[in-house]
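Counting in our numbering, the sequence shown runs from 442 upward without gaps.
Heads up: the structure comes next, in structure tokens.
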Amino acid sequence: MDSIGLLKLKILSRGISDGGTGLLERLHLVQNPAAIARTGNNGLFISLEPMGGGKPSPLNVAMSYNNDFAKSSPYILSEEGGKFFLLDTTSGIKYTVNIPTETPQWLLTPVGDSIAGNYVAFEGGSTVIADITPGCIYINKGEGCKFCGIGALDKSQMLGYAGKLKASLEIAAQAAGVDIFVLTGGNTYTRDRGAYQYVQFVEAIKKHNKRASVSLEISPPEPSIVREVFEKLKAAGVEAITMNLEFYSDKTRAEIMPRKGSFPREDYYHAGQVGIEIFGKNKITSGLIVGVEPLEDTKRAIDELASRGILPEPYPFKPNAGSQMRDWPTIDPSITHEATLYAAEAQKKHGIDPRQAGGCIACAACGVSQELYTQVCKLR
Ligand code: SF4
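As structure tokens, this is what we get:
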């Protein structure tokens, strides 16, 4: 039987299918009642019952009903007698899974002419993910990242968007058991590269939930203002920052991320180090997409980040619906497994710990950093 880390990576890489029963769409609508197609990482949140007892393991499955690659997944979800099962058709093993079947009432709370669920995605009973703008301006300008399925900035939706998002976040912040907030999107052509826009949303959450862990996924602000930007975000209540380098080689970065790849790698390193001074150890993370560039390049990125105290987080490339790379093949999960093990070794060597991280690594739904770090520590 696969280790939990490898099984999770296989499911993340290939998605899951319901064999055409419509079960996935029905369940996804429970967790995301507004049925908005957000980024490729927004999928159905399930937890896997371990075979030998113990704590259920969170698994996030790739955009269950609008990613074509998942339709041919070897992992088939079914419902029998009110229980859910995931059949691994490659091994014949059938796992019991837990999936929420009731929509949290707060997601249905009216906000303007819509509902709170229109502006936030809710995952796993505790994590709220929100795009602070409806789409990305870089895509409007023909400079979007080719792997990204978020779509162009919809200017017709911009009017009143920030107010409705703030209202939705305030509702979420008051809901029982909702304590993790991940905010993303909002790129700009200004020197802060969009970071200042987050302050109002963080303050809206913190007004109602002082204990909430709020993390941002942003591009690194220009070096000349990064300290001032981060101090303002920290004062607003931000706990952790993710700045996704995504790829190491400048050639790949320029080809796949025409705008984001034009920010020098050094900006990520510099912002990461300033961020550690301001937000603390283990609070700065950087995502790396595995499987597009050679693994050796991914490992170089891991070394560069970890040696500066920035937590690298490898996650598998997915051919997201709506992205320019939607027809690319899925990648072999063992490559992401090797990259994540390498990251775990580097984290151990440099004294940083993904189990203490905020943001995307803390949510643990899109990668296996925590699982493999724990494995590496036990081996030592
Ligand atoms: S910067 Fe790239 S990854 Fe981020 S939202 Fe824009 S297109 Fe998507």
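Glycine residues also receive a C-beta, built at the ideal position from the N, C-alpha and C atoms.
Taking 7 angstroms as the cut-off, the Cβ atoms of residue 577 and residue 585 count as close. The count of Cβ pairs closer than 8 angstroms, one atom from the region 602 to 610 and one from the region 672 to 683, stays below three, leaving the stretches out of contact. Rounded to the nearest whole angstrom, the C-alpha separation of residue 687 and residue 732 is 11 angstroms.
Relative to the ligand SF4, even the nearest heavy atom lies 6 angstroms or more away from the CB of residue 539. Bounds of any alpha helix (DSSP H) do not take in residue 473, whose DSSP letter is neither H nor E.
Distance from the CA atom of residue 755 to the CA atom of residue 453, rounded to whole angstroms, is 12 angstroms. The C-alpha of residue 801 lies about 10 angstroms from the C-alpha of residue 621.
With respect to the C-alpha of residue 654, the residue from 596, 613, 668, 537 having the closest C-alpha is 613. CA-CA distance, residue 596 to residue 664, rounds to 30 angstroms.
Taking the C-beta atoms as reference points, residue 518 is found no nearer than 7 angstroms to residue 448. Taking non-hydrogen atoms of the ligand SF4 into account, the C-beta of residue 701 is found less than 6 angstroms away from one of them. Beta-bridge annotation (DSSP): residue 538 is paired with 489, 525.
Remark: the shortest separation between the CB of residue 586 and any heavy atom of the ligand SF4 falls under 6 angstroms. CA-to-CA, the gap between residue 721 and residue 446 works out to about 28 angstroms.
Of all C-beta pairs linking the region 643 to 663 to the region 620 to 634, three or more are shorter than 8 angstroms, placing the two stretches in contact. Collapsing the DSSP output to three states places residue 793 in coil. DSSP places residue 728 in the strand class (E or B) of the three-state scheme. At a threshold of 6 angstroms, residue 579 counts as near the ligand SF4, since its beta carbon sits closer than that to one of the ligand's heavy atoms. When DSSP reads this structure, residue 562 sits in a beta bridge with 570. Residue range 706 to 720 is occupied by the alpha helix (DSSP H) that includes residue 718.
Judged by DSSP secondary structure, residue 621 falls within the beta strand (DSSP E) whose first and last residues are 621 to 625. Under the DSSP definition of a beta bridge, residue 683 partners with 658, 726. Annotation: residue 467 to residue 523 spans about 14 angstroms, alpha carbon to alpha carbon. Look at residue 650: its beta carbon is at least 6 angstroms from all of the heavy atoms in the ligand SF4. As the crow flies, the alpha-carbon of residue 558 is around 28 angstroms from that of residue 725.
Distance between residue 691 and residue 702, taken at the CA atoms: about 7 angstroms. The DSSP-derived three-state label of residue 646 is helix. Three or more pairs of CB atoms, one per stretch, sit closer than 8 angstroms, so the region 757 to 765 contacts the region 727 to 744.
DSSP places residue 752 in the uninterrupted beta strand (DSSP E) bounded by 752 to 757. Using a cutoff of 6 angstroms, the CB of residue 801 does not count as near the ligand SF4, since none of the ligand's heavy atoms is closer than that. Relative to the ligand SF4, residue 628 has its C-beta within less than 6 angstroms of a heavy atom. Separation of residue 815 and residue 792 (C-alpha to C-alpha, rounded to the nearest whole angstrom) is 13 angstroms.
Each residue's CA atom was taken as its position, placing residue 459 and residue 514 some 9 angstroms apart. Residue burial is scored here from C-beta neighbours: residue 669 has fewer than 16 other C-beta atoms within 10 angstroms and is therefore classed as exposed. A direct Cα-Cα distance of roughly 32 angstroms separates residue 772 from residue 714.
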